[in-house]
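J.:
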Amino acid sequence: MMEHGRPPVSFLDIRKSQRTISPLSKAEKQRSSFSIFPWKALGSSCYASGAMQNITYRTSRFFDDVADQRDRHVHLILIATKPDIIKQVPLYRELKKRGHLVLLGHTGQHYDENLSGGMLKEFSVEPDFNLNVRGAMHEVVSQIIGRLGHVISELKARGKIVIPYVHGDTTTAMAASNAGFCHGFASVHVEAGIRTLTPDYEKLKMKNGKWELNDIGAWRDFQMQAQNWTRGSLEPYPEQFNTRCSEAATGIHLAPVALDRGFMLSEGFSEDRIFVVGNSVVDATEEAMKDAKNATVFNRHPQLKEGGFVRFCIHRRENCASEKRFRAIYDAMKALILSGRTVLLIEMFQTNAAFERFGLKKEVEELARTHTNFVLSPVWSEYRDVIAAMSRAAVCATDSGSMQEEMNAMGVPCVTLRFGSDRSESAMAGGNLIAPPVSAEGIRKIIEFAWDHPEMRRSPKLYGSDVSRKCIDAVSRVLKEGEVFRTEEERLVA
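Taking my numbering, the leading residue of the sequence shown gets 7, the next gets one more, and so forth.
#1: Would you mind reading off the limits of the alpha helix (DSSP H) that contains F247?
#2: Return the first residue and the last residue of the alpha helix (DSSP H) that R317 is part of.
#3: Indicate the three-state DSSP secondary structure (helix, strand or coil) for G448 in the structure shown.
#4: Here's a check: name, in chain order, each residue in its chain whose Cβ is nearer than 6 Å to the Cβ of A395, leaving out the five neighbours to either side.
#5: Please go through the same chain and pick out, in chain order, the residues whose beta-carbon is closer than 6 Å to the beta-carbon of R72, but skip the five residues on each side of it.
#6: Ordered along the chain, which non-local residues of its own chain (more than five positions away) have a Cβ less than 6 Å from that of F281?
#7: Report back the beta-carbon spacing between I453 and V316 to the nearest angstrom; my notes put them in contact at under 8 Å.
#8: In angstroms with no decimal places, state the Cα-to-Cα distance between H79 and K88.
#9: What's the gap between the Cα of K299 and the Cα of G165?
#10: Distance, Cα to Cα, M270 vs D428?
#11: State the CB to CB distance for the pair D374 and V421, rounded to an integer number of angstroms; the pair is presumed to be in contact (CB under 8 Å).
#12: Here's the rule: buried if 16 or more other CB atoms are within 10 angstroms of the residue's CB, otherwise exposed. What is G314?
#13: Please identify the residue among V401, R104 and E447 whose C-alpha is closest to the C-alpha of N220.
#14: When DSSP builds the beta bridges, which residues end up paired with S383?
#15: Would you decide whether E34 is buried or exposed? Buried here means 16 or more other CB atoms lie within 10 Å of its CB.
#16: Just checking my contact of N414 with S430 at CB under 8 Å: how many whole Å lie between their CB atoms?
#17: Scan the region 56-115 and note each continuous alpha helix (DSSP H) run of 4 residues or more that stays entirely inside, going in chain order.
#18: Between the C-alpha atoms of F40 and E160, what's the straight-line distance to the nearest angstrom?
#19: With burial defined as no fewer than 16 other Cβ atoms inside 10 Å of the residue's Cβ, what is the status of Q237: buried or exposed?
#20: Under a Cβ-count criterion, where at least 16 other Cβ atoms within 10 Å of its own Cβ denotes burial, should T176 be classed as buried or exposed?
#21: If you draw a straight line from the C-alpha of S345 to the C-alpha of H377, how long is it?
#22: Can you tell me where the alpha helix (DSSP H) holding N325 begins and where it ends?
#23: Quick check on the burial criterion: 16 or more other C-beta atoms within 10 angstroms. Buried or exposed for M462?
#24: Can you list, in chain order, the residues of its chain with a C-beta nearer than 7 Å to that of E277? Leave out the 5 residues immediately preceding and following it.
#25: Please classify P308 as buried or exposed, where buried requires at least 16 other C-beta atoms within 10 Å of its C-beta.
#26: Report the start-end ranges of each beta strand (DSSP E) in the region 388-417 that is 3 residues or longer and not cut off at the edges.
#27: CB of R201 to nearest heavy atom of the ligand ADP: below 7 Å?
#28: Can you give me the C-alpha to C-alpha distance between M295 and R390, rounded to a whole angstrom?
#29: Does Y207 come out as helix, strand or coil in the three-state DSSP assignment?
#30: Which partner residues does I258 have in the DSSP bridge list?
#31: Let me know the secondary structure DSSP gives Y171 once reduced to three states.
#32: Bridge partners for S130 per DSSP, in chain order?
#33: Between the alpha carbons of L498 and L351, how many angstroms are there, rounded?
#34: Which value, in whole angstroms, describes the spacing of the CA atoms of A511 and R323?
#35: Going by DSSP in three states, T177 sits in which element: helix, strand or coil?
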């Protein structure tokens with residue numbers, strides 16, 4: 007651990023001016039059966055384990071610079087998607103503030119300006135390395151394991167103990183925790199234990215596509231009772247697979263709420279390594295709210311300035327691949343627009359693909375052109391814009407997981423466009439309503455109920471405060487007693 011009082015160290019801070027290319031070490035030469043090549047300059051491919059890897063580093067002396075630091079533990083914060091950046095950067099800053107040796111690694115899973123670049127600039131952080139993964143899901147998984155495995159291998163060869171911090175249920179969390187575990191390093195799982203629960207539709211005699219819901223108040227009351235939820239859903243896909251895989255390679259589980267802790271205990275994970283800390287999205291949201299005065303979103307969309315709108319976000323594979331589901335959501339949104347309600351639709355990659363796939367692209371663009379109460383917008387690159395606008399929304403209708411948390415933090419009613427939720431605690435608390443994507447009329451009724459019932463805004467805040475500090479406190483507690491990776495004899499003897 008770092009000595010108290012030492013200045014924060016990140017690879018961003020050390021030897022930025024040096025651009026000397028380090029030769030392969032003796033160990034690297036022995037591992038390679040190919041000709042010996044030096045590391046190439048910043049921005050080009052690097053030679054690793056006998057294969058070309060498209061990893062880029064901030065400087066050419068990446069491994070040597072890290073090796074020069076006295077700290078044995080390397081806290082490796084991994085980001086990949088927009089939610090990763092929002093939730094992991096607060097932990098990165100907390101580690102830096104405490105003077106730990108911390109690296110920020112980007113897998114490149116989200117790589118354009120709107121989904122990654124703009125937010126990194128807003129948060130004033132720059133990755134120390136980028137794995138630059140691309141391709142189909144199986145290709146991304148294999149590239150993360152291989153490329154991150156190489157980075158971890160090189161740090162390990164230089165005597166470092168790597169502590170990967172993986173977030174939530176992303177493909178990066180699953181693959182990155184695997185890469186660390188291959189080298190005997192267990193991860194810190196941020197947002198651990200999230201499992202989907204589904205309302206017990208059988209109790210209400212609801213069947214997909216063949217149900218009616220006339221009393222939305224009773225539906226809300228039903229969801230607020232824990233005994234009315236069931237386990238076992240595979241949705242969202244592949245996120246529920248990802249989070250379970252990540253758990254198996256984790257040494258410190260940072261659970262947002264007690265419900266998540268209960269899931270992990272029921273699955274056999276060690277009680278002394280599960281910490282209920284809240285969700286770091288709260289730290290990011292609070293900071294964005296303070297910075298909301300600098301938001302530019304209302305210059306672009308003045309009709310949102312007075313609030314009183316519903317924000318739609320549809321991007322889950324399940325919703326965007328199924329015409330029945332997608333049209334149910336779209337038709338509900340269209341009905342709200344035609345009734346005079348103000349609607350904001352954030353058009354993400356999957357949303358646009360679904361419009362094209364189901365022949366709705368021209369229709370939705372015409373709807374936006376002819377109705378001033380309908381805002382059709384691409385993803386906003388700055389988080390302050392998202393939070394500034396959402397704080398004024400009447401309702402958020404989304405199939406996102408993180409949006410359910412953010413709405414709870416801001417006191418905005420949420421309607422979840424899925425059959426169940428991996429943030430079911432927010433529905434049990436009364437601030438979130440499940441709207442199964444099978445009936446446009448049902449979805450519209452649920453959104454209007456959330457809009458017209460202000461008591462949903464007063465549901466309890468669930469995700470804590472000062473969460474990043476609590477997360478790093480938990481890690482520090484474990485490191486005082488040993489390592490994040492714990493052998494069986496260490497677990498049993500302790």
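Here a beta-carbon is modelled for each residue, glycine too, at the ideal position from N, C-alpha and C. Model, not experiment: these values are computed from the prediction.
T.: Checking against the coordinates, here is how it stands:
#1: Start at 1 with the first residue of the sequence shown, and residue 247 comes out as number 241. Element bounds for F247: E245 to A254.
#2: Stepping through the sequence shown from its first residue, residue 317 is reached at position 311. Counting along the chain, R317 falls outside any alpha helix (DSSP H), though it belongs to the beta strand (DSSP E) covering F315 to C319.
#3: Locating residue 448 in the sequence shown gives position 442, where the first residue counts as 1. Of the three classes helix, strand and coil, the one that applies to G448 here is helix, per DSSP.
#4: Taking the first residue of the sequence shown as 1, we reach residue 395 at position 389. Within the same chain, A395 has close Cβ partners V303 and L310.
#5: Residue numbering aside, residue 72 sits at position 66 when the sequence shown is read from its first letter. First, the residue type needs correcting, since residue 72 is Val and not Arg in the sequence shown. Within the same chain, V72 has no close Cβ partners at all.
#6: As a first step, residue 281 is located in the sequence shown; it is residue number 275 there, counting from the start. Cβ within range, chain order: L260 and A480.
#7: Counted from its first residue, the sequence shown places residue 453 at position 447. Counted from its first residue, the sequence shown places residue 316 at position 310. Going by Cβ atoms, the distance from I453 to V316 rounds to 6 Å, so yes, they are a contact pair.
#8: One-based indexing of the sequence shown puts residue 79 at position 73. One-based indexing of the sequence shown puts residue 88 at position 82. Rounded to the nearest angstrom, the two C-alpha atoms are 27 Å apart.
#9: Translated into the one-based positions of the sequence shown, residue 299 becomes position 293. Translated into the one-based positions of the sequence shown, residue 165 becomes position 159. Each residue's Cα considered, the two are about 46 Å apart.
#10: Within the sequence shown, the letter at position 264 stands for residue 270. Within the sequence shown, the letter at position 422 stands for residue 428. Taking C-alpha positions only, M270 is separated from D428 by approximately 14 Å.
#11: Position 368 of the sequence shown, counted from the first residue, corresponds to residue 374. Position 415 of the sequence shown, counted from the first residue, corresponds to residue 421. Here residue 374 is Ala; the residue named in the question, Asp, does not match the sequence. Cβ atoms of A374 and V421 stay farther apart than 8 Å, at about 21 Å.
#12: In the sequence shown, the residue the question calls residue 314 occupies position 308. G314 sits exposed, since fewer than 16 C-beta atoms from the chains shown fall within 10 Å of its C-beta.
#13: Taking the first residue of the sequence shown as position 1, residue 220 is located at position 214. Closest in alpha carbon position to N220, among V401, R104 and E447, is E447.
#14: On the sequence shown, position 377 is the one that residue 383 refers to. Answer by DSSP bridge pairing, in chain order: I352.
#15: Working through the sequence shown from its first residue, we reach residue 34 at position 28. Low confidence applies here, because E34 scores a pLDDT of 41, under 50, leaving its location unreliable; read the following figure in that light. It counts as buried.
#16: On the sequence shown, position 408 is the one that residue 414 refers to. On the sequence shown, position 424 is the one that residue 430 refers to. S430 and N414 do not touch by the CB rule: their CB atoms are close to 12 Å apart, not below 8 Å.
#17: The qualifying runs are 68-74 and 88-103.
#18: The residue you call residue 40 lines up with position 34 of the sequence shown. The residue you call residue 160 lines up with position 154 of the sequence shown. For F40, the predicted model reports a pLDDT of 29, less than 50, meaning its position is unreliable; a value from the coordinates is still stated below. If you take the alpha carbons of F40 and E160, they lie about 18 Å apart.
#19: Translated into the one-based positions of the sequence shown, residue 237 becomes position 231. The residue asked about is misnamed: residue 237 is Arg in this sequence, not Gln. Looking at its Cβ environment, which holds fewer than 16 other Cβ atoms inside 10 Å, R237 is exposed.
#20: Locating residue 176 in the sequence shown gives position 170, where the first residue counts as 1. So T176 counts as buried.
#21: On the sequence shown, residue 345 is found 339 positions in, with the first residue counted as 1. On the sequence shown, residue 377 is found 371 positions in, with the first residue counted as 1. The alpha-carbon atoms of S345 and H377 are separated by roughly 11 Å.
#22: In the sequence shown, the residue the question calls residue 325 occupies position 319. For N325, the enclosing alpha helix (DSSP H) has its first and last residue at R323 to A327.
#23: As a first step, residue 462 must be located in the sequence shown, where it is residue number 456. Around the Cβ of M462, a 10 Å sphere holds 16 or more other Cβ atoms; the residue is buried.
#24: On the sequence shown, position 271 is the one that residue 277 refers to. Around E277: L271.
#25: Start at 1 with the first residue of the sequence shown, and residue 308 comes out as number 302. Label assigned to P308: exposed.
#26: Taking only runs of at least 3 residues, the beta strand (DSSP E) segments lying wholly in the region 388-417 are 401-404.
#27: The ligand ADP is absent from the structure shown, which contains no ligand whatsoever.
#28: Indexing the sequence shown from 1 puts residue 295 at position 289. Indexing the sequence shown from 1 puts residue 390 at position 384. CA-to-CA, the gap between M295 and R390 works out to about 7 Å.
#29: One-based indexing of the sequence shown puts residue 207 at position 201. Helix, per DSSP.
#30: Reading the sequence shown from its first residue, position 252 is the one you call residue 258. Residue pairing by DSSP places I258 opposite V194 in a beta bridge.
#31: Taking the sequence shown and counting its residues from 1, one reaches residue 171 at position 165. In the structure shown, Y171 falls within a strand segment according to DSSP collapsed to helix, strand and coil.
#32: Reading the sequence shown from its first residue, position 124 is the one you call residue 130. Its beta-bridge partners do not exist; DSSP assigns none.
#33: To locate residue 498, count along the sequence shown from 1; it is residue 492. To locate residue 351, count along the sequence shown from 1; it is residue 345. C-alpha separation (whole angstroms): 53 Å.
#34: Coverage of the chain is limited to positions 7 through 500, which leaves residue 511 absent and any answer about it impossible.
#35: Mapped onto the sequence shown, residue 177 falls at position 171. T177 falls in the helix class under three-state DSSP.
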